[in-house]
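Q:
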Ligand SMILES: Cc1cc2nc3c(=O)[nH]c(=O)nc-3n(C[C@H](O)[C@H](O)[C@H](O)COP(=O)(O)O)c2cc1C
Ligand code: SF4
Ligand code: SF4
Ligand code: SF4
Ligand code: FES
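Residue numbers (full-length UniProt numbering), protein chains in the order written: chain W, 1 to 617; chain F, 1 to 160.
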């Protein structure tokens with residue numbers, strides 16, 4: 001077991017690892033196995049692959065590496081084979097023999113299994129040429145595919161912990177903070193607050209201090225923090241170590257949600273390994289700097305992502321926020337100076353120390369630097385995690401990288417920033433995405449969730465959905481939030497049920513403004529955003545519900561029904577076969593009909609009809 | 001593990017020891033007990049209060065504040081349907097309807113035979129596979145009404 005007690009020992013070990021990795025007679029098969037891909041058998045693929053390689057006597061020629069998420073979840077599980085970066089999407093067990101024979105034995109891609117570019121209909125062999133990846137700048141997330149999260153050596157092989165060595169031996173704490181400041185690193189957890197200001201303030205206070213990583217990731221529809229923690233836990237540890245050294249802290253916590261068991265497991269293992277190597281604990285790398293890191297598992301409460309609530313939760317109490325008359329950088333966890341940053345914020349730190357603030361600040365817009373990871377989900381062709389420089393437009397992210405809307409449907413809105421954010425309509429698709437531009441539109445960047453909605457999404461229902469979520473998640477200690485949400489819910493529910501009245505829209509606006517002004521924490525002050533933005537941009541949809549008693553998207557059950565369009569129906573009988581209520585009748589090749597009495601509006605016929613013959617009325 | 005009124009106190013002690021009887025770890029201790037029995041048996045609360053030297057009221061307030069903790073007995077299989085935004089726009093509601101119909105219970109309830117509890121969760125971080133649910137720790141994705149029901153039926157078969 002190696003334990004590094006000086007910088008040189010670490011560096012020569014890294015050189016050795018890198019030389020080994022570059023050895024020409026050893027290839028690398030990288031296989032993503034995030035939770036989304038485990039559903040698709042990614043763990044069994046490894047076994048089959050090994051068996052098949054043994055048959056050909058080439059088992060020792062390649063290393064198989066199970067990695068975290070590669071980002072392109074829609075195409076998972078993904079296999080990438082180096083040298084060459086040959087990319088196989090949606091790998092299935094029965095494809096393995098062909099991949100082994102073609103690529104590993106004969107050194108040529110298995111043509112039919114390669115990714116097919118939907119635009120050009122051409123096969124693409126290399127990962128870097130796949131459009132989804134080509135348009136991204138994956139400075140943080142791209143490393144995932146090179147790293148086995150359970151092996152510290154694989155992190156060291158890509159130069160890991162060198163930034164820590166640099167920070168400890170070549171920089172003074174003040175210089176580190178100055179570097180983060182000139183990089184203008186803004187927090188990735190939601191508000192975009194400059195990290196250096198918090199760090200600087202924390203470093204000035206005396207006594208025991210804590211650095212904390214917010215891995216609660218409570219925003220529904222966001223999973224980039226999960227992808228980072230699971231796929232590259234040492235990057236977060238390294239970032240926290242550098243921050244702790246800069247601020248003079250000797251103890252840190254990662255607060256990670258219970259729903260992310262793989263992230264917890266991978267992080268725990270990484271902490272163990274780092275300790276064994278002398279990269280965590282006492283006298284790190286012989287520098288005299290001590291730092292210990294612990295994991296705390298959250299209890300599935302969204303409000304615990306808020307900084308003061310999170311610290312209360314860390315102390316083993318219910319996670320209720322407190323007013324921030326006194327900043328947590330002065331008095332936070334255990335009443336001591338504490339610095340909280342998001343997972344992705346910490347992940348940026350080693351990069352900035354390694355490549356310098358100038359390199360970093362060259363990416364992005366005037367006031368938002370670097371790259372941002374978005375989780376692109378919902379009604380979009382290429383669901384996954386996308387990393388782009390700040391300032392990339394919504395259209396580029398959703399249509400160029402994301403491939404647009406599936407099933408030839410119409411784009412309706414993109415929801416950013418989770419329950420604290422808002423819905424952005426089509427006319428703003430060319431907005432460059434950064435902290436300030438999204439705020440101007442009434443939404444926020446938040447942690448980077450992007451939920452794409454198409455014509456079949458009802459915006460009133462979406463507003464109601466978020467309010468319902470927030471009612472569940474509000475800690476309930478202050479009136480404007482607790483009661484305001486309840487009243488909003490009542491109004492939205494009656495609109496969705498067809499009982500909306502004149503004045504309801506104005507009432508929602510009034511309630512929203514009140515909550516924004518008078519709630520105690522960020523949950524309550526931002527809670528009206530989804531309602532207010534949907535009113536701002538989709539007022540007509542509210543009006544249709546209230547005045548015409550119609551739900552144009554066909555979501556609010558009392559306000560629509562399904563009908564079969566006689567002209568368009570070919571009588572293929574598919575819908576009749578699938579209807580769980582046997583509500584559809586008709587002869588083969590004749591137009592079908594729905595018995596409205598029997599229909600439960602499950603929508604199966606609407607989804608299934610290939611001829612768009614089922615209509616929402 | 002099934003719960004039949006006898007508590008394995010040795011295991012409870014192990015859990016508490018693992019966290020060195022540290023009261024700041026209360027939430028995690030409760031989560032571990034919860035994992036063992038699928039809920040936190042009420043008998044354990046006075047014991048915890050004594051060992052961690054905290055008031056019982058704190059334990060109740062923590063246990064009721066966090067969704068991962070249940071004070072009511074729950075089924076052998078806990079079906080957790082994701083109702084995150086991504087799953088919502090892809091039809092999570094229909095999945096809940098289907099499971100409710102199939103198990104004849106509402107969300108939050110446990111079937112008479114003690115086999116299934118139906119719950120909802122706010123995002124499992126598998127949005128690409130949505131709509132998704134987990135049954136205990138197993139993730140199932142790309143669901144629609146019929147595949148959801150088939151999965152539940154499989155669990156029923158395995159249990160009988
Ligand atoms: C209700 C609420 C929930 C939040 N949830 C999260 C979260 O899940 N993850 C996160 O990093 N920040 C979350 N935040 C923001 C944090 O309070 C905090 O600003 C952030 O973690 C600071 O890190 P940063 O400066 O690196 O962004 C939340 C804030 C509020 C008000
Ligand atoms: S605004 Fe809501 S969540 Fe925040 S402290 Fe008040 S009640 Fe709690
Ligand atoms: S699936 Fe469409 S085309 Fe076929 S019978 Fe039904 S409505 Fe007609
Ligand atoms: S909506 Fe569902 S129940 Fe109604 S006709 Fe279509 S498939 Fe049948
Ligand atoms: S919304 Fe269902 S897993 Fe994220």
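Don't be surprised by glycine CBs; every beta carbon is placed ideally from N, CA and C.
For my contact list, residue 212(W) and residue 248(W) are in at a C-beta cut-off of 8 Å; report their separation, rounded to the angstrom.
A: Here residue 212(W) corresponds to residue number 212 of the first chain, with the count starting at 1. Here residue 248(W) corresponds to residue number 248 of the first chain, with the count starting at 1. Contact doesn't hold; Cβ gap of about 15 Å is too wide.
Q: Rounded to the nearest angstrom, what separates residue 11(F) and residue 44(F) at their Cα positions?
A: Along the second chain, one-based indexing puts residue 11(F) at 11. Along the second chain, one-based indexing puts residue 44(F) at 44. In a straight line, the C-alpha of residue 11(F) is about 11 Å away from that of residue 44(F).
Q: Any contact of the region 379 to 393 of chain W with the region 350 to 359 of chain W, i.e. 3+ C-beta pairs under 8 Å?
A: no
Q: Return yes when at least one heavy atom of ligand 3 lies under 7 Å from the C-beta of residue 571(W), else no.
A: Indexing the first chain from 1 puts residue 571(W) at position 571. Within the cutoff, so yes.
Q: For a contact defined as C-beta to C-beta under 9 Å, what are the partners of residue 25(F) on chain W?
A: Taking the first residue of the second chain as 1, we reach residue 25(F) at position 25. Within 9 Å Cβ-Cβ: 296 and 316.
Q: Mind listing the chain F neighbours of residue 302(W)? Cutoff is C-beta to C-beta under 9 Å, in chain order.
A: Looking up residue 302(W) in the first chain gives position 302. Neighbours of residue 302(W) on chain F, chain order: 122.
Q: Tell me whether residue 523(W) counts as near ligand 1, meaning its Cβ is closer than 7 Å to at least one heavy atom of that ligand.
A: On the first chain, position 523 is the one that residue 523(W) refers to. Residue 523(W) Cβ: within cutoff of ligand 1.
Q: Within 10 angstroms of the Cβ of residue 470(W), are there 16 or more other Cβ atoms? Answer buried if so, exposed if not.
A: Along the first chain, read from residue 1 onward, the residue named residue 470(W) stands at position 470. Buried.
Q: Which residues share a DSSP beta bridge with residue 30(W)?
A: Translated into positions along the first chain, residue 30(W) becomes position 30. Answer by DSSP bridge pairing, in chain order: 65(W) and 80(W).
Q: According to the neighbour-count rule (16 or more other Cβ atoms, all chains shown, within 10 Å of its Cβ), is residue 588(W) buried or exposed?
A: Indexing the first chain from 1 puts residue 588(W) at position 588. Exposed is the label assigned to residue 588(W), since fewer than 16 other Cβ atoms lie within 10 Å of its Cβ.
Q: Which residues of chain F have a Cβ atom closer than 7 Å to the Cβ of residue 469(W), listed in chain order?
A: Looking up residue 469(W) in the first chain gives position 469. Near residue 469(W) (Cβ distances below 7 Å), the residues of chain F are 122.
Q: Within the region 84 to 111 of chain F, note down every full beta strand (DSSP E) run reaching 3 residues or more, in order along the chain.
A: none
Q: Could you say if the region 304 to 318 of chain W and the region 326 to 344 of chain W meet the contact criterion of at least three C-beta pairs nearer than 8 Å?
A: yes
Q: Indicate whether at least one CB of chain W lies closer than 8 Å to the CB of residue 94(F).
A: Numbered from its first residue, the second chain carries residue 94(F) at position 94. Chain W, which has a Cβ nearer than 8 Å to the Cβ of residue 94(F), makes this yes.
Q: Quick check for students: name the residue ranges of the alpha helix (DSSP H) that lie wholly in the region 357 to 405 of chain W, counting only runs of 4 or more.
A: 357 to 361
Q: Does DSSP put residue 95(W) in a helix, a strand or coil?
A: Reading the first chain from its first residue, position 95 is the one you call residue 95(W). DSSP places residue 95(W) in helix when its eight states are reduced to three.
Q: Do the region 80 to 96 of chain F and the region 126 to 138 of chain F make contact, defined as three or more Cβ pairs closer than 8 Å?
A: yes
Q: With a threshold of 8 Å, are at least 3 pairs of Cβ atoms found where one atom belongs to the region 449 to 467 of chain W and the other to the region 525 to 536 of chain W?
A: yes
Q: Closer than 7 Å to a non-hydrogen atom of ligand 2 - does that hold for the CB of residue 487(W)?
A: Mapped onto the first chain, residue 487(W) falls at position 487. Not so, every heavy atom of ligand 2 lies at least 7 Å from the Cβ.
Q: DSSP has residue 57(F) in a bridge; who is on the other side?
A: The sequence position of residue 57(F) within the second chain is 57, counting from 1. Residue 57(F) is not bridged to any residue.
Q: Just mark residue 541(W) as buried or exposed, buried being the case when its beta carbon has 16 or more other beta carbons within 10 Å.
A: Start at 1 with the first residue of the first chain, and residue 541(W) comes out as number 541. Classification for residue 541(W): buried.
Q: Do residue 146(W) and residue 216(W) have their C-beta atoms closer together than 8 Å?
A: As a working mapping, residue 146(W) is identified with position 146 in the first chain. As a working mapping, residue 216(W) is identified with position 216 in the first chain. No.
Q: Express the C-alpha separation of residue 85(W) and residue 99(W) in angstroms, rounding to a whole number.
A: Reading the first chain from its first residue, position 99 is the one you call residue 99(W). Reading the first chain from its first residue, position 85 is the one you call residue 85(W). Between residue 99(W) and residue 85(W), the C-alpha separation is close to 14 Å.
Q: Following the continuous alpha helix (DSSP H) through residue 425(W), name the residue where it begins and the one where it ends.
A: The residue labelled residue 425(W) in the question sits at position 425 within the first chain. Looking at the DSSP string, residue 425(W) is not in any alpha helix (DSSP H); the run it does join, the beta strand (DSSP E), is 422 to 425.
Q: Please check if any C-beta of chain C sits within less than 8 Å of the C-beta of residue 61(F).
A: In the structure shown, chain C cannot be found, because the protein chains are W and F.
Q: With a cut-off of 8 Å, does the C-beta of residue 135(F) fall near any C-beta of chain W?
A: Position 135 of the second chain, counted from the start, is the residue given in the question as residue 135(F). Output row for residue 135(F): interface = no.
Q: Using a threshold of 7 Å, is the CB atom of residue 592(W) nearer than that to any non-hydrogen atom of ligand 3?
A: As a working mapping, residue 592(W) is identified with position 592 in the first chain. Yes, ligand 3 has a heavy atom inside 7 Å of this Cβ.
Q: Figure out for me which residue from 401(W), 148(W), 277(W) and 245(W) has the closest Cα to the Cα of residue 32(W).
A: Within the first chain, the letter at position 32 stands for residue 32(W). The shortest Cα separation from residue 32(W) among 401(W), 148(W), 277(W) and 245(W) belongs to 148(W).
Q: Just to confirm, does residue 110(W) get its C-beta within under 7 Å of one of the non-hydrogen atoms of ligand 4?
A: By 1-based counting over the first chain, the position of residue 110(W) is 110. Incorrect: residue 110(W) has no Cβ contact closer than 7 Å to ligand 4.
Q: Let me see if you follow: with CB-CB separation under 8 Å, is residue 378(W) close to chain F or not?
A: Against the first chain, residue 378(W) aligns to sequence position 378. So yes, residue 378(W) belongs to the interface.
Q: Can you name the residues of chain W whose CB is closer than 9 Å to the CB of residue 31(F)?
A: Sequence index remark: in the second chain, residue 31(F) carries index 31 (1-based). Residues of chain W passing the Cβ test: 258, 297 and 299.
Q: For residue 465(W), which residues in chain F fall below 8 Å Cβ to Cβ?
A: Numbered from its first residue, the first chain carries residue 465(W) at position 465. Listed by position along chain F, the residues whose Cβ is nearer than 8 Å to that of residue 465(W) are 85 and 88.
Q: Run through the DSSP bridge pairs and tell me what residue 562(W) is partnered with.
A: Locating residue 562(W) in the first chain gives position 562, counting from the first residue. Paired residues: 616(W).
Q: Could you tell me the boundaries of the alpha helix (DSSP H) in which residue 536(W) lies?
A: Here residue 536(W) refers to the residue found at position 536 when the first chain is read from its first residue. For residue 536(W), the enclosing alpha helix (DSSP H) starts and ends at 529 to 543.
Q: Check whether the Cβ atoms of residue 114(W) and residue 62(W) sit closer than 8 Å, and answer yes or no.
A: Your numbering for residue 114(W) matches position 114 in the first chain. Your numbering for residue 62(W) matches position 62 in the first chain. No. Outside cutoff.
Q: Determine the direct distance from the alpha carbon of residue 69(F) to that of residue 34(W), and round the result to whole angstroms.
A: Here residue 34(W) refers to the residue found at position 34 of the first chain. Here residue 69(F) refers to the residue found at position 69 of the second chain. Computed Cα separation, rounded: 26 Å.
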